[in-house]
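The structure appears right after this line, and notes come after that.
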Amino acid sequence: MLKGNKNSIILKEVVLNLAGYHYWANQRLVAVLKKLTATQLDQELVSSFPSIRQTVYHMWDAESVWKQRIELVEKTKKPAPQFQGTFAQACDDWITVSRQLLEMVQQINPVKLPHTVAYYNSQKQYGKLTVIEILMHVFNHATYHRGQLVTLLRQVGVTKIPGMDFSEYAKKGQ
C-alpha cells in the first residue's frame, strides 16, 4: 500500500496537511484537558481506557513510540510510565511530540515516505510499515481517541469543547 516514488510529492502534501491538522487538534484538546480537576481526570469511565488521564497517556505514549520508530530508535520508550510531573506537564510534553512530528513531516524528503520501517511492538511481535503508513496510523489513531475524549469530557461535565473536525482546520487555512 502507498508504495513507490511516483506520487511521493503529492503524498507529502497530504501527510503534511494531516500532520498540521493533528497538531492543531491536539492543541485545542489540550487547552480543555488542562482545565480538568484530578477528580475529573481520574474518574472511572467506560471506554478503551478507564479514565481521561489514562487515555491521554496512551495517546502520548503511542505517538512518542511511533515517532521513535520513524527515527529508527531500536529500543523505543513510552514516556508516561516513568513520568513524575503534573498532568499539565504531560500535556505539554505530548504537544511537543506532536509539534516534532509536524516538523519531521515538514522536513522529510518525499522519497523517504515509502521507505519501510521494521520494528517490534510492545508484545515483541515483528512488524513492518512504510513511513507514510506509520504517519497515517498515528493521525488516525489520534483522531479515534480524540473522539473518545470528547465523549469522556462530556461525561465528567465539560460542556465547552472546541470543534476539532478537519473541515474546521481546513476552512481556517492553517
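Heads up: the sequence shown is residues 1003 to 1176, going by the working numbering. Ideal placement from N, C-alpha and C gives every residue a C-beta, glycine not left out. Computed from a predicted structure; not experimentally measured.
Residues bridged to residue i (per DSSP)
i       : result
GLY1129 : TYR1121
CA nearest to the CA of residue i, picked from the options
i       : options                               : result
CYS1093 : LYS1162, LYS1037, PRO1164 and LEU1154 : LYS1037
SER1100 : LEU1043, LYS1162, LEU1047 and THR1145 : THR1145
PHE1178 : LYS1173, GLN1042 and HIS1147          : In this structure the chain extends from 1003 to 1176, so residue 1178 is not present and cannot be described.
ILE1097 : TRP1062, VAL1152 and LEU1154          : TRP1062
SER959  : TYR1171, ASN1009 and ARG1071          : Nothing can be reported for residue 959, as the shown portion of the chain is limited to 1003 through 1176.
THR1261 : TYR1128, GLU1135 and THR1039          : This structure leaves residue 1261 out entirely; the chain is present only between 1003 and 1176.
ASP1095 : TYR1059, VAL1016 and VAL1119          : TYR1059
LYS1069 : TYR1128, GLU1135 and GLN1157          : GLU1135
GLY1175 : ASN1009, TYR1023 and SER1010          : TYR1023
SER1010 : GLN1157, VAL1133, TYR1128 and GLU1076 : VAL1133
Distance between beta carbons of residue j and residue i, contact taken as under 8 Å
i       : j       : result
VAL1140 : LEU1104 : In fact, because the Cβ distance is near 11 Å, the residues do not count as touching under 8 Å.
ALA1064 : HIS1143 : 6 Å
MET1166 : ALA1027 : 4 Å
VAL1107 : LEU1013 : At roughly 11 Å, the Cβ-Cβ gap does not stay under 8 Å, so VAL1107 and LEU1013 are not in contact.
GLN1042 : VAL1158 : 4 Å
Are the stretch 1108 to 1120 and the stretch 1053 to 1064 in contact at 8 Å, needing three or more beta carbon pairs? no
Taking contact to mean at least 3 C-beta pairs separated by less than 8 Å, is the stretch 1078 to 1086 in contact with the stretch 1031 to 1049? no
Give, in chain order, every unbroken run of the beta strand (DSSP E) that is at least 3 residues long and sits entirely within the stretch 1045 to 1125. Segments of the beta strand (DSSP E) lying fully in the stretch 1045 to 1125: 1118 to 1122.
Three or more C-beta pairs closer than 8 Å, one from the stretch 1028 to 1035 and one from the stretch 1152 to 1167: is that the case here? yes
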